[in-house]
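A short worksheet on the structure shown next.
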């Protein structure tokens with residue numbers, strides 16, 4: 001008797017799970033069909049926005065598509081201007097950094113130039129008060145002249 005009851009219970013469970021799995025499959029089929037219809041609708045809308053298959057469109061649909069495209073263009077232009085403005089700000093910051101770096105390098109160059117000038121003055125004997133410490137010699141560059149030979 002117990003075996004019979006157990007077999008009955010197992011049969012009832014199997015039939016219930018079969019029924020629920022059939023219902024799940026039917027539900028999934030319905031969802032798939034609905035999604036396929038949505039995809040088809042979106043593809044038709046995409047083709048219309050791209051300007052394809054407009055022959056069957058009514059004047060209202062064409063006006064609605066035109067308005068939608070105008071709104072889209074405005075949004076795109078606004079985003080484009082935002083990107084341009086961000087780039088301008090970045091480039092202005094970069095310009096300031098480069099100008100600062102240029103000023104620092106210019107100052108270093110001037111310092112080196114002044115240092116080299118002072119070293120050259122020291123090497124060639126130019127005195128602080130502007131006097132030359134050069135020695136005058138009898139050397140003459142050029143063709144010999146009669147006056148020089150007579151001395």
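Residue numbers (my numbering): 1 to 151. All C-beta atoms in this analysis are idealised placements derived from N, C-alpha and C, irrespective of residue type, glycine included. Because the structure is a prediction, the values reported are computed rather than measured.
Boundaries (first-last residue) of the alpha helix (DSSP H) holding residue i
i: residue 62; result: 59 to 124
Residue i beta carbon near the ligand PLP (any heavy atom closer than 7 Å)
i: residue 86; result: No copy of the ligand PLP occurs in the structure displayed, which carries no ligand at all.
Three-way DSSP call (helix, strand, coil) for residue i in this model
i: residue 1; result: coil
i: residue 141; result: coil
i: residue 20; result: helix
i: residue 40; result: helix
i: residue 10; result: helix
i: residue 153; result: Since the first and last residues shown for the chain are 1 and 151, residue 153 lies out of range.
i: residue 136; result: coil
Cβ distance (whole Å) where residue i is taken to contact residue j below 8 Å
i: residue 76; j: residue 48; result: Actually they are not in contact, since the Cβ atoms of residue 76 and residue 48 sit about 19 Å apart, beyond 8 Å.
i: residue 62; j: residue 54; result: 7 Å
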